[in-house]
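A.B. asks: Protein chains in written order, with the numbering used here: chain X, 1 to 307; chain E, 308 to 641; chain W, 642 to 807; chain H, 808 to 1472.
Think of the CB as a built atom: it goes at the ideal place given N, C-alpha and C, for glycine as much as any other residue.
I have a structure I would like to understand better, so I am pasting it below and will then ask my questions one at a time.
Put into structure tokens, the structure is as follows:
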């Protein structure tokens, strides 16, 4: 089961199409730069790249190792990317949801972007060596419940149809498992996970929605969240992080992928997404909406929990 | 002293140490992640994976109290942490890249100011190193002049043997003392050959050339292209066996609290952010430049050593795939 | 003659976050009406429940609260038009999060208490105090606060004492 | 380092009886930053405030905490005192150790410990308090009066006579309210319309009163001195400016038999109508539900006969925005109708009294219409069922009122007096008739009220029976009323021709919805709440909004008029100033941290958040950040709780202040 291969044969053609489109829009002056993926030293690996010359378009690739959500390079990590002109960006369906959210939060303007969508069958899980073949066992957990293999509303999408086998859903199963626990068991589970946290803030830095210039958790007057990586401070940080992403996170799972301590951060995000869907019938990332579920209200909202 | 210890006896040794009240720190699974930590018994030890965090935390904790304060009425009482209270420790299963970084850190912690928090732990800890038989393409100890069998930093070094067990060699008095106190668990070498050692694939850096380039290229457009992708987290520095920057924070309330020392990372925006609001390292490439400079130039300038032992953690766990081995290799070719 | 007071082995610390217009006034009314309730509650006044950041609830637990009460104006009665509507959503989400990380929601009570509901205020405070008294101290956050990373931990008698005291 | 002064009030014995105030002062005196701590019998008294001011000067205090009653009571007092001693008033905080401590706990030890902690919390909070400058805002010197009954009319006339413009909004087609429906008024028995209609005309003719009848409040925005009120002028179908009030349309309207609400549905009116002949404005309105033109498209008689061409079938609702500086709410009351239980009403109903089932069981207001010379019977008391004169009439008091088991515990206040009046009016009109009154107590406090009540018994021969009615039922054309006379201890059975129920006074329907638009509070019966039961009976807790009349609680005419004039005086006081100082509890944006996600703007209930461009010296756009208009900000702080980076902060309730309090626990 776990070694069932997943067909990534379209990625070669997708790579070629991305290169062609990038070359065209750069040479025709449509965009000032294209943010995409390029091969790196390690076998099979890929890393984010900013291409500004048409001649460099050949560097762009797409493979199962192209795990990053590049949306982060359009907001807070944007400082070094050419400011003038449109930016082209290579996006998977999951990444696109973040862009949609960022547009709703006044961080991006659609007209300033050129979206190169990627038909995607899935990418590798975080702990897997980059040269590993994509299988049911090596695929990233988020890809198991992907509903956006083909991004919509992009300026360009290579005409390829990814083959996407039905996979067991990871997060839904994990949420159900945790929900079935007693509060004490859940506490013990999360305590064990959060204890590992070293406050490297990789989760925050890669998150497209953690675009604040000064994170609340970095402030010391008052210190809302302890900065020390002790169990208490870690717990507080992760609760605050999950709460700040509630109703915004569309599940790119970058936080979880980059966590060097393997903390299942996206599980918290998915749980919140599930609750907000149940409470307010809201799902992030499908359309540009001015107000998220926690920025608006309905007079008839559920208040069964309020006496 | 060259000896042999079987896997069984190694575990017996650990159990005996634990029973004697010694703190035995070794890689074990912690909520699904291989991490160093105190063992409760030898069964928990995990020796087939490189722990996610390096061994430095046994001497330079992720977070430690250095002082506490308490206000009673108008009186404030301060209590220093006494390093004498640190526990005697045996650190087991330390890979050469982790072990080699520890003596490198001695330099900075005993330079002008003697950091008793670090040094007392150093004194009280016996390091049992372990040679590597596996490497992936992020490993590059050989590129910085170390090797999968280098005992640098180890008091006692274990090399896995064909047919099981370890060749055991002592390098310091501490190592010898550990062996002598438990001599019956060790045997004379039985002539088995060592397992084939790992062979990291990276070519050796010319560290002199690297430093020479760095000496002259504080300002260089290359930094922009190297670090354009850096998102400014601290994963590389925190996983690194040699990075040792820390931040001191006071935490608590008006009534009572602690002064604490935490790991810090030069990749953070806040690292050089002045109270005035000015930040001399205002952009990410300047911060990443500091990481490379510190490892391959500043530390060399000051202590004649390189602040990198090639463990490859920063490569494996960089969220955006920054590859220090590739970068330094590139520099060495300039 | 005062009625005999029952002594309890455990007196929980209850923190109440209330809005100034309704619940604070309701609590004032309980006072002017000389109603009686357990002395465990400490009230923090906010202009509006809309001002109550979930972090404060977290912080209260971290600072040793055994129970937290959050109370404001009934829907539609908000002095600031809609602050309590926003708060309602925020709290609905936050309590789900706390529940998911293992906080027993029995310790967290939300209520609408108007300026006219002194009796309801008493009922809320008494109910929560009694429930939390039965549940015992909120160990989780207190333990967490004392816990160190293994590498930074030192086994001092003071630390042990602190552990034993919770 | 702060030098905080802490002042613990005994409040006579109100606090010191339960809280060991000296101990509290001693304990908080030890807290870091506290330079001075003392206790005093009455902090709010002159000597108490003197003590405070003296300590500020002599001890060079930087902050002040007064531990006493609720800040809702005396925060202003102490802040003013602090200010007069040269400190910024916002460096003073109160710890509530009375309402929240001494009054609600009996155990002295527990209460003392709690008081020490409450004061300790405020000490930590006040350390983080900042000097806040007062914010001044201009005052729009126009008032809005909601409700055109006697309360609204009086308030509008008083304010307008003082020289200010008034917008008077009335839901019905004419002003006048309930008072216009009454026959004669107690305790003088002068004709209600005779004293009311001149006032109505005064309103119509007043150069500074703009009257919107057949209109409702759609939306209220802004704050004291600067409200923006949107008024919905419902389509009248008659152009007021053109109509001369000749009445031809009403004469010619083919639909004539529509029960007239003004006459409690006893009289009839056409589909185009004024509710009563003296209506102000004397402009008809088309009742679109009953008009043939609107129902079928045919007819159009009224337009044809209207000389000035005032009838306009196409007219639509119009929304008018009026800037005003103050609002008087005078929406009045309604009688509880026990035939139907209004949705959400706390009253359980009085099915046993047959109202709605037995035609000759009526309520007090219907009796008023029967007794009124301009009423449907021309002032004759006649039974609705057969038009006969009732020879035996029973009045039942406290129907709904003072009946906790039915859901209302308050006294409706006016029924004793109007029932006495009814017995008199009855006796004057039906000389051979006999009136019986079932009552619990007669409540007659008021000038000449008890004399009036006695007259009804002694001179007008009403028989008062102390006791309640258990049941009544129709028997032939009689109504059998069964009750008890508890004074004598016997069961009473009266065969009556008519029964009049003094049903409870309730707020108008929709009072809660209006309160929500205004942002004012109301009690569980939907009566509007005053800011203080004794000392601020006319003001709402929401600044700039005042109450007049029965919308605040049951009231008779003299009380209503007094309160209306009082509310008008409050408005005039406000308008006497050009600038208004407002509490500086407003949100401010820390631009350095703002990333322009505008969550604050999305949640701000006041629309106070604007987008502001930050440009560098060359004029290049650096970023767009939020800006809070301090004049518009209501000070709720929802923006701060929502802001992800906490780059907007509510002065007076900063995170630092709140966290300091939490950490003090």
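1. Which residues bound the alpha helix (DSSP H) around residue 767(W)?
2. Consider the Cβ of residue 369(E): report whether some Cβ of chain W lies at a distance smaller than 8 angstroms.
3. Can you tell me whether DSSP reads residue 1238(H) as helix, strand or coil?
4. Could you name the residues that DSSP lists as bridge partners for residue 156(X)?
5. I need the DSSP call for residue 1343(H), collapsed to helix, strand or coil.
6. Does the beta carbon of residue 790(W) come closer than 8 angstroms to any beta carbon on chain E?
7. With contact counted as at least three CB pairs below 8 angstroms, one residue from each stretch, are the stretch 959-974 of chain H and the stretch 1003-1011 of chain H in contact?
8. Identify, in the order they occur along the chain, each residue of the same chain with its Cβ nearer than 6 angstroms to the Cβ of residue 388(E), setting aside the five sequence neighbours on each side.
9. Alpha carbon to alpha carbon, how far is residue 15(X) from residue 133(X)?
10. Residue 502(E) to residue 473(E), Cα distance in whole Å?
11. For a contact defined as C-beta to C-beta under 7 angstroms, what are the partners of residue 228(X) on chain H?
12. Check this for me: beta carbons of residue 1443(H) and residue 1309(H), under 8 angstroms apart or not?
13. Which chain C residues are close to residue 46(X), counting only those with a beta carbon under 8 angstroms from its beta carbon?
14. Drop a sphere of 10 angstroms on the beta-carbon of residue 110(X), count the other beta-carbons inside from all chains shown, and report buried for 16 or more, exposed for fewer.
15. Of all the alpha helix (DSSP H) runs that stay within the bounds of the stretch 852-878 of chain H, which reach a length of 4 or more residues?
16. Taking CB distances under 8 angstroms as the criterion, tell me whether residue 1412(H) reaches chain W.
17. Using a Cβ-Cβ cutoff of 8 angstroms, what residues of the stretch 646-668 of chain W are near chain H? List them in chain order.
18. Would residue 344(E) pass as an interface residue toward chain W - the criterion being a Cβ-Cβ separation below 8 angstroms?
19. Roughly how many whole angstroms lie between the Cα atoms of residue 745(W) and residue 444(E)?
20. Output the distance between the C-alpha atoms of residue 724(W) and residue 1295(H), rounded to the nearest integer angstrom.
21. Can you tell which of 1323(H), 1139(H), 1183(H) has its C-alpha closest to the C-alpha of residue 976(H)?
22. Taking residue 570(E) as the query, report the chain X residues whose CB atoms sit under 9 angstroms from its CB, ordered along the chain.
23. Assign residue 45(X) to one of three DSSP states: helix, strand, or coil.
24. List the whole-angstrom C-beta distance separating residue 1135(H) from residue 1374(H), where the pair is believed to meet the contact cut-off of C-beta under 8 angstroms.
25. I want to verify the contact list: residues of chain X whose CB lies under 8 angstroms from the CB of residue 744(W), in sequence order.
26. Given this structure, state the Cα-to-Cα distance separating residue 1274(H) from residue 1216(H), to the nearest angstrom.
27. Going along chain X, which residues have a C-beta under 8 angstroms from residue 1452(H)?
28. Please report the straight-line C-alpha distance between residue 450(E) and residue 456(E), rounded to a whole angstrom.
29. Note down, in chain order, every chain H residue with its Cβ under 9 angstroms from the Cβ of residue 296(X).
30. Chain X beta carbons: is any one of them nearer than 8 angstroms to that of residue 1423(H)?
31. What is the rounded straight-line gap between the Cα of residue 887(H) and the Cα of residue 864(H)?
32. Following the continuous beta strand (DSSP E) through residue 1314(H), name the residue where it begins and the one where it ends.
33. Could you tell me the alpha carbon to alpha carbon distance between residue 1394(H) and residue 307(X), rounded to whole angstroms?
34. Could you please give me the residues that DSSP links to residue 554(E) through a beta bridge?
35. Ignore the nearest five residues each way along the sequence and tell me which others in residue 19(X)'s own chain have a CB closer than 6 angstroms to its CB.
36. Spatial neighbours of residue 447(E) within its chain, please: C-beta separation below 7 angstroms, excluding the five flanking residues on both sides.
C.D. replies: Result, derived from the coordinates:
1. Within the third chain, residue 767(W) is the residue found at index 126, counting from 1. Looking at the DSSP string, the run of the alpha helix (DSSP H) that includes residue 767(W) is 759-776.
2. Along the second chain, one-based indexing puts residue 369(E) at 62. Judged by the 8 angstroms Cβ criterion, residue 369(E) is in contact with chain W.
3. Stepping through the fourth chain from its first residue, residue 1238(H) is reached at position 431. Correct three-state label for residue 1238(H): coil.
4. Position 156 of the first chain, counting from 1, holds the residue named residue 156(X). BP columns for residue 156(X) point to 116(X).
5. Here the question's residue 1343(H) lines up with position 536 in the fourth chain. Strand, per DSSP.
6. As a first step, residue 790(W) is located in the third chain; it is residue number 149 there, counting from the start. Residue 790(W) counts as touching chain E.
7. yes
8. Along the second chain, one-based indexing puts residue 388(E) at 81. Once the five neighbours on either side are set aside, the close Cβ partners of residue 388(E) are 372, 373.
9. Position 15 of the first chain, counted from the first residue, corresponds to residue 15(X). Position 133 of the first chain, counted from the first residue, corresponds to residue 133(X). Rounded to the nearest angstrom, the two C-alpha atoms are 17 angstroms apart.
10. On the second chain, residue 502(E) is found 195 positions in, with the first residue counted as 1. On the second chain, residue 473(E) is found 166 positions in, with the first residue counted as 1. Approximately 10 angstroms between the Cα atoms of the pair.
11. Here the question's residue 228(X) lines up with position 228 in the first chain. Residues of chain H passing the Cβ test: none, with the nearest at roughly 16 angstroms.
12. Residue mapping note: residue 1443(H) aligns to position 636 of the fourth chain, counting from 1. Residue mapping note: residue 1309(H) aligns to position 502 of the fourth chain, counting from 1. No.
13. The structure shown contains no chain C; its protein chains are X, E, W and H.
14. By 1-based counting over the first chain, the position of residue 110(X) is 110. Exposed, since its Cβ has fewer than 16 Cβ neighbours within 10 Å.
15. 853-865
16. Along the fourth chain, one-based indexing puts residue 1412(H) at 605. Cβ-Cβ to chain W under 8 angstroms: yes for residue 1412(H).
17. 646, 654, 656, 661, 662, 663, 665, 666, 668
18. Mapped onto the second chain, residue 344(E) falls at position 37. Closer than 8 angstroms: yes.
19. Along the third chain, one-based indexing puts residue 745(W) at 104. Along the second chain, one-based indexing puts residue 444(E) at 137. Approximately 46 angstroms, taken between the alpha carbons.
20. Translated into positions along the third chain, residue 724(W) becomes position 83. Translated into positions along the fourth chain, residue 1295(H) becomes position 488. For residue 724(W) and residue 1295(H), the distance between alpha carbons rounds to 58 angstroms.
21. One-based indexing of the fourth chain puts residue 976(H) at position 169. The shortest Cα separation from residue 976(H) among 1323(H), 1139(H), 1183(H) belongs to 1139(H).
22. Along the second chain, one-based indexing puts residue 570(E) at 263. Neighbours of residue 570(E) on chain X, chain order: 198, 199, 200, 229.
23. Numbered from 1 along the first chain, position 45 holds the residue referred to as residue 45(X). DSSP places residue 45(X) in coil when its eight states are reduced to three.
24. Against the fourth chain, residue 1135(H) aligns to sequence position 328. Against the fourth chain, residue 1374(H) aligns to sequence position 567. At roughly 5 angstroms, the Cβ-Cβ gap stays under 8 angstroms, so residue 1135(H) and residue 1374(H) are in contact.
25. Here residue 744(W) refers to the residue found at position 103 of the third chain. Correct list: 183, 187.
26. As a working mapping, residue 1274(H) is identified with position 467 in the fourth chain. As a working mapping, residue 1216(H) is identified with position 409 in the fourth chain. One C-alpha to the other measures close to 18 angstroms.
27. As a first step, residue 1452(H) is located in the fourth chain; it is residue number 645 there, counting from the start. Per Cβ cutoff of 8 angstroms: 212, 213, 214, 215, 216.
28. Taking the second chain and counting its residues from 1, one reaches residue 450(E) at position 143. Taking the second chain and counting its residues from 1, one reaches residue 456(E) at position 149. Going from the Cα of residue 450(E) to the Cα of residue 456(E) covers about 14 angstroms.
29. Locating residue 296(X) in the first chain gives position 296, where the first residue counts as 1. Under the 9 angstroms cutoff, chain H gives 1409, 1410.
30. If you number the fourth chain from 1, residue 1423(H) lands on position 616. For residue 1423(H), the answer is no, since every Cβ of chain X falls outside 8 angstroms of its Cβ.
31. Residue 887(H) sits at position 80 when you count from the first residue of the fourth chain. Residue 864(H) sits at position 57 when you count from the first residue of the fourth chain. The alpha-carbon atoms of residue 887(H) and residue 864(H) are separated by roughly 15 angstroms.
32. As a first step, residue 1314(H) must be located in the fourth chain, where it is residue number 507. Here the beta strand (DSSP E) through residue 1314(H) covers 1312-1314.
33. Position 587 of the fourth chain, counted from the start, is the residue given in the question as residue 1394(H). Position 307 of the first chain, counted from the start, is the residue given in the question as residue 307(X). Their backbone Cα atoms lie some 30 angstroms apart in a straight line.
34. Residue numbering aside, residue 554(E) sits at position 247 when the second chain is read from its first letter. DSSP output for residue 554(E) lists 569(E) as bridge partner(s).
35. Taking the first residue of the first chain as 1, we reach residue 19(X) at position 19. Here the set comprises 57, 58, 60.
36. For this step, residue 447(E) is matched to residue 140 along the second chain. 507, 509, 617, 619, 632, listed in sequence order.
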